[in-house]
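Residue numbers (mature numbering (1 follows the signal peptide of the UniProt record, and there is no 0)): -29 to -1, 1 to 204.
Ideal placement from N, C-alpha and C gives every residue a C-beta, glycine not left out.
The next block holds one structure in the form of structure tokens; read it before the comments.
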Ligand SMILES: [Zn+2]
């Protein structure tokens, strides 16, 4: 499927930042939100402003900050909580490789102006990118897992778009995005602590497929087979 997101670790300096807002999260200390539309002179940038605008994006970011950490960290003291003090959100004229959005490092989100469609679509993309801000990336974590967790967050927020595959869709568990999101949702239906436990492991440990058998008592391949059989995929 079309790549919908890139996550790169290189820090990227941003300019022309305009709006700043400090929000108080239920689960964290104050988080500074910084935002700007750097594409206001383009059709996509104008569309973004008419559909959501930076102030609207701040509301979505604030909602995501309250929604995502409990989902990925479970709010338990025993789970390492990621320290996030700032999120920078900008709308850019044209992102590389046709990406809809890119998360740089751990707190800088860029949205591709030409991808601005409707409020729910943009909101879903923001939730996906905010999941990258809050999730862990243990050594060797496959990109399919990273993107699958991000779309799992979007799914649980009720923001799955109509163009996604249906549950059971896809050829490989680690295709990422919607395919892996629905598989993780199935795994989480078997044990409601699965996704946050998997994420918590990646705070300190390298990736290992044994996480499936350790947490769910079945091998990854058996789980994928069960999943495909359940949905006739
Ligand atoms: Zn992504």
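Residue side-chain check: residue 131 keeps its Cβ at 8 Å or more from all non-hydrogen atoms of ligand 1. Between residue 89 and residue 123, the gap from beta carbon to beta carbon reaches 9 Å or more. A check of alpha carbon separations from residue 24 across 129, 189, 150 and 84 identifies 84 as the nearest.
At least 9 Å separates the beta-carbon of residue 94 from that of residue 120. Sequence-distant Cβ neighbours of residue 162 in its own chain, meaning closer than 7 Å and more than five residues away, are 186 and 187. The Cβ-Cβ distance between residue 112 and residue 167 does not fall below 9 Å.
Contiguous beta strand (DSSP E) elements confined to the region 16 to 89 occur at 57 to 63, 72 to 75 and 79 to 83, taking only those with 3 or more residues.
The DSSP assignment places 114 to 127 as complete runs of the alpha helix (DSSP H) inside the region 103 to 144, in order along the chain (cut-off: 4 residues). Each of 56, 45, 13 and 62 was checked against the Cα of residue 78, and the nearest Cα belongs to 56. In this structure, the CA atom of residue 192 is about 20 Å from the CA atom of residue 170. Three or more Cβ pairs drawn from the region 21 to 40 and the region 99 to 119 lie within less than 8 Å of each other, which places the two stretches in contact. Beta-bridge pairing by DSSP links residue 4 to -9 and 58. Pairing residue 173 with residue 4, the inter-Cα distance amounts to about 26 Å. In this structure, residue 56 has its beta carbon at no less than 8 Å from each heavy atom of ligand 1.
According to the DSSP assignment, residue 192 belongs to the alpha helix (DSSP H) that extends over 191 to 202. Ligand 1 has no heavy atom closer than 8 Å to the beta-carbon of residue 35. Annotated as proximal: residue 98 and residue 125, with beta-carbon spacing under 9 Å. Within the chosen limit of 8 Å, ligand 1 does not reach the beta carbon of residue 63 with any heavy atom.
Closer than 8 Å to some heavy atom of ligand 1: that does not describe the Cβ of residue 7. In terms of Cβ geometry, residue 19 and residue 60 do not form a close pair [threshold 9 Å].
For residue 181, the enclosing alpha helix (DSSP H) starts and ends at 181 to 187. With a beta-carbon spacing of about 6 Å, residue 42 and residue 127 fall inside the 8 Å limit used to define contacts.
By the 16-neighbour rule on beta-carbons within 10 angstroms, residue -8 is exposed.
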